[in-house]
Amino acid sequence: IMALAAAVGQAFLSAFIEVVLDRLASPELVDFIRGKKVDVNLVQRLKTTLYAVEVVLNDAEQKQFKDSA
Numbered sequence: 014i015m016a017l018a019a020a021v022g023q024a025f026l027s028a029f030i031e032v033v034l035d036r037l038a039s040p041e042l043v044d045f046i047r048g049k050k051v052d053v054n055l056v057q058r059l060k061t062t063l064y065a066v067e068v069v070l071n072d073a074e075q076k077q078f079k080d081s082a
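The opening position of the sequence shown corresponds to residue 14 in this note's numbering, with each subsequent residue numbered one higher.
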């Protein structure tokens, strides 16, 4: 049961990060950031970090399914 809960949690987190990345790439957010004088470089660094986290989560998810089989 713990393995199933972990798998569901990882899938949820992976999907959440994907949605966040999609939102960060939206033109509306870019316009908002420019209007608020937010440092675009910081947003780009956040996107890069989230992409890296997504890669690690996907790898962990694949290993978990491979190990449970």
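All C-beta atoms in this analysis are idealised placements derived from N, C-alpha and C, irrespective of residue type, glycine included.
Query, Result
"Rounded separation between Pro40 and Gln77 - CA only", "36 Å"
"Among Lys50, Gly48, Val56, nearest to Val33 - alpha-carbon criterion", "Val56"
"Contact under 7 Å by Cβ, Gln23 with Glu74", "yes"
"For Lys50, the three-state DSSP class (helix, strand or coil)", "coil"
"Length of the line joining the Cα atoms of Val69 and Asp35", "18 Å"
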